[in-house]
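Student:
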Amino acid sequence: MTAARRAYQHVWRVSRRAGALAMAVLRELSDERAYARHLAICGRLHSAEEWRRFSDERLRSRFARAKCC
Amino acid sequence: MLNFKRILLRLVWAGVAVAAALALAGIALNRGERINSLWLVVAAAGTYLIGYRFYAKWIAARVMALDDRRATPAERLRNGHDFEPTNKWIVFGHHFAAIAGPGPLVGPTLAAQFGYLPGTLWIIAGAVLAGCVQDFVILFASMRRDGKSLGQMAREEIGPIGGATALVTVLLIMTILLAVIALVVVNALRDSPWGTFTIAATMPIAVLMGLYLRYWRPGRVLECSVLGFVLLLASIFGGQAVSESASLAPLFTFGAMSLALMVIAYGFLASALPVWLLLAPRDYLSTFVKLGVVLLLAAGILWVRPSLEMPALTQFIDGTGPVFKGKIFPFAFITIACGAISGFHALISSGTTPKMIAREWHAWPIGYGGMLLESFVAIMAMVAACVLAPGVYFAVNAPAGVVGAAPAAAVATISSWGFPVSTEEMAALASGVGEATLFARTGGAPSLALGMAHIFSASLGGVALSFWYHFAIMFEALFILTIIDAGTRVGRFMLQDLLGHLYAPLGRTSWMPSVIVSSLVIVAAWGYFLIQGVRDPLGGINSLWPLFGIANQLLAALALCVATTILVRMHGARYMWITCAPLVWLLSVTLTAAWQKIFSPLADLGFLAQANQLQAALDAGRVAAGRVGPTETLIFNARLDAVVCAVFAVLVVVIAADSVRVWAGILGGRIRPTMSETPFVATALNAEEL
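If you read the protein sequences in the order shown, they are chains D and W.
For the first sequence, our numbering begins at 1 and goes up steadily by one.
For the second sequence, our numbering begins at 1001 and goes up steadily by one.
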């Protein structure tokens, strides 16, 4: 394998990891990861009703705190 | 080999230190020549790296003794909701998104009236030595106490006075904060059909997103946010079409008072409506837009590397500035506020973040590093404000009451200060961004939008200036309105909590009469200050922004008192200087600013002098018959501002005195230095779980 190819693969790996991390941050900020954890912990399947229950609870606590200036 | 790597590493750090020192010297000593914005970026980034690697790491290792073998609350109290061990970079993103608000954008823009130097130096030094330390120590303290809030820690570490003061302070700050940021939006949208249409469109877009998430595609938040963002971009183009339409433009053209009433009505609706319908979708959208724009602006500055047109120092360091009155000390520090140190961050550092940290050492990049990034946002705002020609900056930011209402009078006044600007130049600029006029657009948002648009447009070869201007206005207004609606709702909850002690049903957050009454009270409180700002002949920002800055720094003083008390309990007097030195500085700044705002004999600085001057004019019959009523209102408002300012100052003194009592008790042996940390429990998390 040439040095250029190795460098290319390294950059590709780093870019993929950075992309995955950015996506994970976005999913955390969007509550999608929290919802997945909620389903796993409660042993439930995704449904519209389940999302509404989760979302109501989560938003209630989130919007009880002041937002930063 | 190992030795070679160590030497290389030391050389790299020495290089960073030298680069930062040279850049700081370059921006501090330069006079009379334009400098490139990269000097500011290098000075800031180099100082941040040194502060992060050496000062913060020393605090973490020596003072806090962070220990990765110790289980954090996220692990011990894990419930999958609030408490969940999370990857440190995800928590970093979460924490930064929570602490990033309009303060570090607007504050430096306003402080640019002193020149780029004072604000830049305070943003860098204040963040490294005060703001980051505050966030880091409070995060550490909360993490060692099961994620307790700042109020709870104040009550436990200092006493009931500290705890009660925290609650009152947060309510007061929110009232002033909501009023001042609402004023920023009102001034940005005044007589602007393009901007008003775009911002108005964000409301049906948010409702559509709410319905989409609730009923059509439940749980698909990212997908829904992408849809919302596309619609937002479409609304900017729609705004252009509206502004160019002879029949539609008047429908979206409003004066400041009409816009203020609309924002107040919006705040009430957002507080009373179900949270999923309007508030939550806007919050998701504004978070993503905020992060995206910050990254875009950083890339734009690095790509364009614009020169700063503003001098290092202007003559307004003597206190005669047109944007706001007051000398460089203390008002540069009060005005910068969140870009260097923000009390509100202590609420986040003792809120969600400590409940997500998986390893104690993660608090280092999250607590200290998160604030460094916030400070860098403030540096970018300073760059965006200072790339404008000073004449243009002052024409946009100076109120008509100071420079004159007519364009010719305004440019003559501003040019006489040594900052040449012409009516033709301002007309061309306004036309270029699709606005009727850019004179006296106070509040900081329009000039920041101009600077951002300049950078974004230059990145693309100088095209689409008007699109980028309105994109920047949309970005600023979107997340300011998100804070207004969320803040009104939080204020409503706090009030309902208090009213519940008087009459139990009033405490029920789902009982509609209580919801309506408490929402009205909160909206009326900040709405009053907003209308006061709109009526103020000096533009409102002159009186409201310093009040907000003083209030914000008051909360920071409370957080530093709590942090110092914890350090005194841990180590006695040995390390208390780490938080006590910034506290002493903050107290001197806050109390001096409060004193001058209340008692300065200058009418455009001191509230009481302003009231007395107006009263004297009224008594002498020098006020026209039609202006008697408004003048009496101005007198009342100035006196009210003086009272609010005095309350803030008294709260600062009470907190500081109570804290000194506790420190003296501990150091003198009268109070046992007990620690309220949770006992050590070994972690069971392995690396794969993170």
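Glycine included, each C-beta is placed from N, C-alpha and C at the ideal position.
1. Flag this pair as yes or no: are the beta carbons of W:E1157 and W:I1566 separated by less than 8 Å?
2. Taking the C-alpha atoms as reference points, what is the distance between W:L1388 and W:I1035?
3. Tell me, please, whether the CB atom of D:S30 is closer than 8 Å to any CB atom in chain W?
4. Near W:V1515, what residues of its chain come up, given a Cβ to Cβ distance below 6 Å and the 5 sequence neighbours on each side ignored?
5. Helix, strand or coil, according to DSSP, for W:L1308 in the structure here?
6. Whose C-alpha, out of W:V1275, W:V1403, W:L1117 and W:L1172, is nearest the C-alpha of W:W1039?
7. The alpha helix (DSSP H) with W:W1194 in it runs from where to where?
8. Reducing DSSP to helix, strand and coil, say where W:N1612 ends up.
9. Out of W:L1231, W:L1558, W:E1309 and W:T1683, which has the shortest C-alpha to C-alpha gap to W:C1580?
10. Could you check the C-alpha separation between W:G1669 and W:S1375 for me, to the nearest Å?
11. Under 9 Å Cβ-Cβ, which residues of chain W neighbour D:Y35?
12. Could you list which residues in chain D have their beta carbon closer than 8 Å to that of W:C1561, in chain order?
13. Nearest CA to the CA of W:F1288: which residue from W:V1304, W:I1578, W:M1262 and W:V1226?
14. Sorted by chain position, which residues of the same chain lie with C-beta nearer than 7 Å to W:G1451's C-beta, five sequence neighbours on each side aside?
15. Please report the straight-line C-alpha distance between W:H1454 and W:P1446, rounded to a whole angstrom.
16. Please list the partners that W:H1094 has in chain D, where partner means a Cβ-to-Cβ separation under 9 Å.
17. Could you round the C-beta distance between D:A24 and W:V1490 to whole angstroms and report it? I think they count as a contact, below 8 Å.
18. Could you compute how far the alpha carbon of W:C1338 sits from the alpha carbon of W:A1656?
19. Looking only at its chain, what residues have a beta carbon closer than 8 Å to the beta carbon of W:F1092, apart from the 5 residues adjacent to it on each side?
20. Just the Cα atoms here: how many angstroms apart are W:F1456 and W:L1277?
21. So that I know if they touch, is there some Cβ in chain D lying closer than 8 Å to that of W:G1031?
22. Assign W:A1464 to buried or exposed, taking buried as 16 or more other Cβ atoms, counted over all protein chains shown, within 10 Å of its Cβ.
23. Whose CA, out of W:V1242, W:R1145, W:G1147 and W:G1549, lies closest to the CA of W:G1434?
24. Is there a Cβ of chain D sitting closer than 8 Å to that of W:N1686, yes or no?
25. Any residues in the stretch 1269–1287 of chain W with a beta carbon nearer than 7 Å to a beta carbon of chain D? Which ones, in chain order?
26. If the cut is a Cβ gap below 7 Å, which residues of chain D does W:F1493 touch?
27. So, at 7 Å on beta carbons, what are the nonlocal neighbours of W:T1413 in its own chain, with the 5 sequence-adjacent residues on each side left out?
28. Identify which residue in W:A1265, W:L1478, W:G1321 and W:A1409 has its Cα closest to the Cα of W:I1531.
29. Leaving out the 5 sequence neighbours to the left and right, which residues in its chain are closer than 7 Å to W:A1738 when beta-carbon positions are compared?
30. If you follow the alpha helix (DSSP H) that W:K1597 is in, where does it begin and where does it stop?
31. Going straight from the alpha carbon of W:M1143 to that of W:T1109, what length do you get?
32. According to a CB-to-CB cut-off of less than 8 Å, which residues of the stretch 1479–1490 of chain W neighbour chain D?
33. Which same chain residues end up closer than 6 Å to W:V1623 when comparing Cβ atoms and leaving out the 5 residues on each side of it in sequence?
Tutor: Let me spell this out:
1. yes
2. 13 Å
3. yes
4. A1272
5. strand
6. W:L1117
7. P1193 to L1211
8. helix
9. W:L1558
10. 39 Å
11. G1219 and V1221
12. By Cβ distance, chain D contributes nothing, its closest Cβ being about 19 Å from W:C1561, past 8 Å.
13. W:V1226
14. A1384, A1385, V1387 and L1388
15. 12 Å
16. V25, E28 and L29
17. So it is not a contact: roughly 28 Å between Cβ atoms.
18. 21 Å
19. P1365, I1366, G1369 and G1370
20. 33 Å
21. The sequence given here places Arg at residue 1031 of chain W; Gly does not occur at that position. No, W:R1031 does not count as interfacial toward chain D.
22. exposed
23. W:V1242
24. no
25. V1275, W1276, L1279, A1280, Y1284 and T1287
26. A64
27. V1403 and G1404
28. W:A1265
29. In the structure displayed, chain W extends from 1001 to 1690; residue 1738 of chain W sits before or after that span and is not available.
30. W1577 to F1599
31. 35 Å
32. T1482, I1483, A1486, G1487, R1489 and V1490
33. A1617 and T1631
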